[in-house]
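> Pasting a structure below so you can have a look.
2 protein chains.
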Amino acid sequence: MNLILLTPEDCPQSNIATLSGRRLQHVLEVHQAQVGQQLRVGMLSGLMGNAEIIHLDKQSLQLRFELDQAPPPKLPLTLLLALPRPKMLKRIFQTVATMGVDRVVLMNSYRVEKSFWDSPFLQPDAIQEQLILGLEQGKDTVLPEIILEKRFKPFVEDRLTSLAGDSLKLVAHPVAEQPCPRDVQQAVTLAIGCEGGFIPYEVNLLAEHGFTPVGLGERILRVETAVTALIGRLF
Amino acid sequence: MNLILLTPEDCPQSNIATLSGRRLQHVLEVHQAQVGQQLRVGMLSGLMGNAEIIHLDKQSLQLRFELDQAPPPKLPLTLLLALPRPKMLKRIFQTVATMGVDRVVLMNSYRVEKSFWDSPFLQPDAIQEQLILGLEQGKDTVLPEIILEKRFKPFVEDRLTSLAGDSLKLVAHPVAEQPCPRDVQQAVTLAIGCEGGFIPYEVNLLAEHGFTPVGLGERILRVETAVTALIGRLF
Numbered sequence: 006m007n008l009i010l011l012t013p014e015d016c017p018q019s020n021i022a023t024l025s026g027r028r029l030q031h032v033l034e035v036h037q038a039q040v041g042q043q044l045r046v047g048m049l050s051g052l053m054g055n056a057e058i059i060h061l062d063k064q065s066l067q068l069r070f071e072l073d074q075a076p077p078p079k080l081p082l083t084l085l086l087a088l089p090r091p092k093m094l095k096r097i098f099q100t101v102a103t104m105g106v107d108r109v110v111l112m113n114s115y116r117v118e119k120s121f122w123d124s125p126f127l128q129p130d131a132i133q134e135q136l137i138l139g140l141e142q143g144k145d146t147v148l149p150e151i152i153l154e155k156r157f158k159p160f161v162e163d164r165l166t167s168l169a170g171d172s173l174k175l176v177a178h179p180v181a182e183q184p185c186p187r188d189v190q191q192a193v194t195l196a197i198g199c200e201g202g203f204i205p206y207e208v209n210l211l212a213e214h215g216f217t218p219v220g221l222g223e224r225i226l227r228v229e230t231a232v233t234a235l236i237g238r239l240f
Numbered sequence: 006m007n008l009i010l011l012t013p014e015d016c017p018q019s020n021i022a023t024l025s026g027r028r029l030q031h032v033l034e035v036h037q038a039q040v041g042q043q044l045r046v047g048m049l050s051g052l053m054g055n056a057e058i059i060h061l062d063k064q065s066l067q068l069r070f071e072l073d074q075a076p077p078p079k080l081p082l083t084l085l086l087a088l089p090r091p092k093m094l095k096r097i098f099q100t101v102a103t104m105g106v107d108r109v110v111l112m113n114s115y116r117v118e119k120s121f122w123d124s125p126f127l128q129p130d131a132i133q134e135q136l137i138l139g140l141e142q143g144k145d146t147v148l149p150e151i152i153l154e155k156r157f158k159p160f161v162e163d164r165l166t167s168l169a170g171d172s173l174k175l176v177a178h179p180v181a182e183q184p185c186p187r188d189v190q191q192a193v194t195l196a197i198g199c200e201g202g203f204i205p206y207e208v209n210l211l212a213e214h215g216f217t218p219v220g221l222g223e224r225i226l227r228v229e230t231a232v233t234a235l236i237g238r239l240f
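In order, the protein sequence lines correspond to chains A and B. Residues in the first sequence are numbered consecutively from 6, following my numbering. Residues in the second sequence are numbered consecutively from 6, following my numbering.
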């Protein structure tokens, strides 16, 4: 936790926050902090700044804070992800929040197991919990937007064109010959399938909607590895 | 498992392998394969090729295989990693093997918790287990070299110069102004500290030995995320 994220409910008085639970435990056990110590804080969806610990015991932590710094800019990236398996999904939520992805569409694909859509990790509270862990890691306050699209064809045919706008549209496709571009200076919409990629029908439908298939070399990466490596390469 | 890794012990006859345990379970449960089906295989440290299932039941799997393809080239990368926490270490071993890192030096640093060096995940068998999972994911047969250096200063002062040779020498340093280069066409030795980076003394000592501090933007990445993002950016 490189930043403690506050919400308005933590702060009945302006500039004073009272925390318990996970954040208190972290400050006690990991920071091993004491009264008087400074911590980095941020208001969810708002500014970041410094806080001083004015009270700390096993029951509660009280901070006096001043917020004066804008959060870092988001990456101009919309990530279209074929819904990954639940265990991996948790880590991907954290990673995309840490890296500053602006928007993630979790979408269906032929290779997505139907049962994944019933995962408790897709409940809004569970998603937000992982995103907040990611923001606290990356020192950001702004949640990425998460969109669920349970049907591939209607999403691609009816909504994707307006969602992607005039961004650079790419679909990661293990067998594509054209390599993924580097250091792009524009907004990107990047589609990543399950392991092994999208099926040809899906790649073709995305291509018909302006997406260029790009390869990643001969090695097959886990989805979470591909997400991170591609972000590192694109921006 | 995109490739089943074989060892000479699996193959009392040339071109026939008999497998049980983890690989058998995977073929039964994930591939849901049947006799006659083709699978991708590779010989540890050797060639890759196709195999046909000639026998399959709950006790054993027998494959007839032909090896005729070289494994993919390694990335010309030596990664110097301040020893990460054990849970993360397992995933990093898999990731570096999947991505084709040539050599990893796990080294001490001021911010490494001493107890991490006693982790059972650092036993040679445990390391190899994770590396093999990574190779099977990335479709490679050649293990990365793993070197343990429990003392920072003697390693940097006495052995690093010859290890790094004339490669491009970089140290990831969150506050460095110079960004990490992209698409380098040469061998790289890249040092990555614990979260929060190396302490100034360590960065200075690395700089005295030819390492350029490079930044990663304002966001603080988990070590495993930084490793993957930097590889995606460098190569």
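Cβ coordinates follow ideal geometry from the N, Cα and C atoms, glycine included.
#1: Kindly list the residues whose CB is nearer than 6 Å to the CB of A:Gln183, restricted to its own chain and excluding five residues on each side of it in sequence; keep chain order.
#2: Taking A:Phe157 as the reference, which of A:Ala87, A:Ile236, A:Pro91 has the closest Cα?
#3: Taking all protein chains shown into account, decide if A:Glu229 is buried (16 or more other Cβ within 10 angstroms of its Cβ) or exposed.
#4: Taking 9 Å as the CB-CB cut-off, is B:Gln142 touching chain A?
#5: Report the neighbours of A:Pro77 on chain B: residues whose CB is nearer than 9 Å to its CB, in chain order.
#6: Measure the alpha-carbon distance for B:Pro77 versus B:Thr194 and round it to whole angstroms.
#7: Starting from the beta carbon of B:Thr233, find every residue of chain A whose beta carbon is closer than 8 Å, and list them in chain order.
#8: Can you tell me whether B:Lys63 is buried or exposed? The criterion is at least 16 other CB atoms within 10 Å of its CB, across all chains shown.
#9: Tell me, to the nearest whole angstrom, how far the beta carbon of A:Asn7 is from that of A:Gln142; I am working on the premise that it is less than 8 Å.
#10: Figure out for me which residue from B:Phe121, B:Leu61, B:Leu68 has the closest Cα to the Cα of B:Met112.
#11: Could you tell me which whole alpha helix (DSSP H) segments of length 4 or greater appear in the region 80–159 of chain A?
#12: Let me confirm a value: A:His178 is counted as buried when at least 16 other C-beta atoms fall within 10 Å, else exposed. Which label applies?
#13: Confirm, please, whether the CB-CB distance from A:Thr146 to A:Leu226 is below 9 Å.
#14: Taking the alpha-carbon positions, what's the B:Gly222 to B:Ile59 distance?
#15: Give me the DSSP bridge partner(s) of A:Gln67.
#16: What in chain A is Cβ-close to B:Gly105, meaning under 8 Å?
#17: I'd like to know if B:Arg227 contacts chain A, where contact means its C-beta is closer than 9 Å to some C-beta of that chain.
#18: Nearest chain A C-beta to B:Asp130 closer than 9 Å, yes or no?
#19: Alpha carbon to alpha carbon, how far is B:Ser172 from B:Gly190? Give it in angstroms, no decimals.
#20: Along the region 157–189 of chain B, where does the CB come closer than 7 Å to a CB of chain A? Name the residues.
#21: Does any residue of chain A have a CB that is nearer than 9 Å to the CB of B:Thr217?
#22: Let me check one thing: in DSSP terms, what residues is B:Ala177 bridge-paired to?
#23: Can you name the residues of chain B whose CB is closer than 7 Å to the CB of A:Asp73?
#24: Kindly indicate which three-state DSSP category A:Asn209 falls into: helix, strand or coil?
#25: Is there a Cβ from chain A that is less than 9 Å from the Cβ of B:Pro200?
#26: Contact defined as beta carbons within less than 8 Å: I believe B:Ala231 pairs with B:Pro81. What is the distance between those atoms, to the nearest angstrom?
#27: Specify, as a first and last residue, the run of the beta strand (DSSP E) that B:Leu226 falls within.
#28: Find the residues of chain A that neighbour B:Thr100, judging by a C-beta separation of less than 7 Å, and give them in chain order.
#29: How is B:Arg45 classed by DSSP in three states: helix, strand or coil?
#30: Less than 8 Å between the CB atoms is what I'm expecting for A:Leu175 and A:Phe240, so what's the real figure, rounded?
#31: Which of the three DSSP states, helix, strand or coil, is assigned to B:Ile236?
#32: Tell me, please, whether the region 97–113 of chain A touches the region 125–136 of chain A by the rule of three or more beta-carbon pairs shorter than 8 Å.
#33: Applying a beta-carbon distance threshold of less than 8 Å, which residues of chain A neighbour B:Asp145?
This is what the structure gives:
#1: Here residue 183 of chain A refers to the residue found at position 178 of the first sequence. The answer, listed in chain order, is Val219.
#2: Taking the first sequence and counting its residues from 1, the one referred to as residue 157 of chain A is at position 152. The option with the nearest alpha carbon to A:Phe157 is A:Ala87.
#3: Working through the first sequence from its first residue, we reach residue 229 of chain A at position 224. A:Glu229 comes out buried.
#4: Your numbering for residue 142 of chain B matches position 137 in the second sequence. Yes - at least one Cβ of chain A is within 9 Å of the one on B:Gln142.
#5: Within the first sequence, numbered from 1, the residue matching residue 77 of chain A stands at position 72. Residues of chain B passing the Cβ test: Gly222, Glu223, Arg224.
#6: Position 72 of the second sequence, counting from 1, holds the residue named residue 77 of chain B. Position 189 of the second sequence, counting from 1, holds the residue named residue 194 of chain B. Looking at the two C-alpha atoms, the distance is approximately 20 Å.
#7: To locate residue 233 of chain B, count along the second sequence from 1; it is residue 228. Thr230, Thr233, Ala234, Gly237, listed in chain order.
#8: Position 58 of the second sequence, counting from 1, holds the residue named residue 63 of chain B. The residue in question, B:Lys63, is exposed, as its Cβ has fewer than 16 Cβ neighbours within 10 Å.
#9: Position 2 of the first sequence holds residue 7 of chain A. Position 137 of the first sequence holds residue 142 of chain A. Sure, about 6 Å apart at Cβ, within 8 Å.
#10: Start at 1 with the first residue of the second sequence, and residue 112 of chain B comes out as number 107. Answer by Cα proximity: B:Phe121.
#11: 91–104, 129–143
#12: By 1-based counting over the first sequence, the position of residue 178 of chain A is 173. Buried, since its Cβ has 16 or more Cβ neighbours within 10 Å.
#13: Residue numbering aside, residue 226 of chain A sits at position 221 when the first sequence is read from its first letter. Residue numbering aside, residue 146 of chain A sits at position 141 when the first sequence is read from its first letter. In this structure, A:Thr146 does not lie closer than 9 Å to A:Leu226 by Cβ.
#14: Here residue 222 of chain B refers to the residue found at position 217 when the second sequence is read from its first residue. Here residue 59 of chain B refers to the residue found at position 54 when the second sequence is read from its first residue. In a straight line, the C-alpha of B:Gly222 is about 53 Å away from that of B:Ile59.
#15: Residue mapping note: residue 67 of chain A aligns to position 62 of the first sequence, counting from 1. Answer is A:Thr23, A:His60.
#16: Indexing the second sequence from 1 puts residue 105 of chain B at position 100. Near B:Gly105 (Cβ distances below 8 Å), the residues of chain A are Arg224.
#17: Your numbering for residue 227 of chain B matches position 222 in the second sequence. It does; some Cβ of chain A falls within 9 Å.
#18: Along the second sequence, one-based indexing puts residue 130 of chain B at 125. Taking Cβ atoms only, chain A never reaches closer than 9 Å to B:Asp130, which makes this a no.
#19: Position 185 of the second sequence, counted from the start, is the residue given in the question as residue 190 of chain B. Position 167 of the second sequence, counted from the start, is the residue given in the question as residue 172 of chain B. At residue 190 of chain B the sequence reads Gln, which differs from the Gly that was named. Their backbone Cα atoms lie some 10 Å apart in a straight line.
#20: Arg187, Asp188
#21: Translated into positions along the second sequence, residue 217 of chain B becomes position 212. Not an interface residue.
#22: Translated into positions along the second sequence, residue 177 of chain B becomes position 172. Looking at the DSSP assignment, B:Ala177 forms a beta bridge with B:Ile197, B:Val219.
#23: In the first sequence, residue 73 of chain A corresponds to position 68, counting from 1. By Cβ distance, chain B contributes nothing, its closest Cβ being about 16 Å from A:Asp73, past 7 Å.
#24: To locate residue 209 of chain A, count along the first sequence from 1; it is residue 204. A:Asn209: helix per DSSP, three-state reduction.
#25: Start at 1 with the first residue of the second sequence, and residue 200 of chain B comes out as number 195. Pro is not the amino acid found at residue 200 of chain B; the sequence shown has Glu there. B:Glu200 counts as touching chain A.
#26: The sequence position of residue 231 of chain B within the second sequence is 226, counting from 1. The sequence position of residue 81 of chain B within the second sequence is 76, counting from 1. Actually they are not in contact, since the Cβ atoms of B:Ala231 and B:Pro81 sit about 19 Å apart, beyond 8 Å.
#27: One-based indexing of the second sequence puts residue 226 of chain B at position 221. Looking at the DSSP string, B:Leu226 is not in any beta strand (DSSP E), and its letter there is neither H nor E.
#28: For the purposes of this step, residue 100 of chain B is taken as residue 95 along the second sequence, with counting starting at 1. Under the 7 Å cutoff, chain A gives Thr230.
#29: Here residue 45 of chain B refers to the residue found at position 40 when the second sequence is read from its first residue. It is a strand residue.
#30: As a first step, residue 175 of chain A must be located in the first sequence, where it is residue number 170. As a first step, residue 240 of chain A must be located in the first sequence, where it is residue number 235. At roughly 13 Å, the Cβ-Cβ gap does not stay under 8 Å, so A:Leu175 and A:Phe240 are not in contact.
#31: Residue mapping note: residue 236 of chain B aligns to position 231 of the second sequence, counting from 1. Residue state, collapsed to three classes: helix.
#32: yes
#33: In the second sequence, counting from the first residue as 1, residue 145 of chain B sits at position 140. What B:Asp145 touches in chain A: Arg224.
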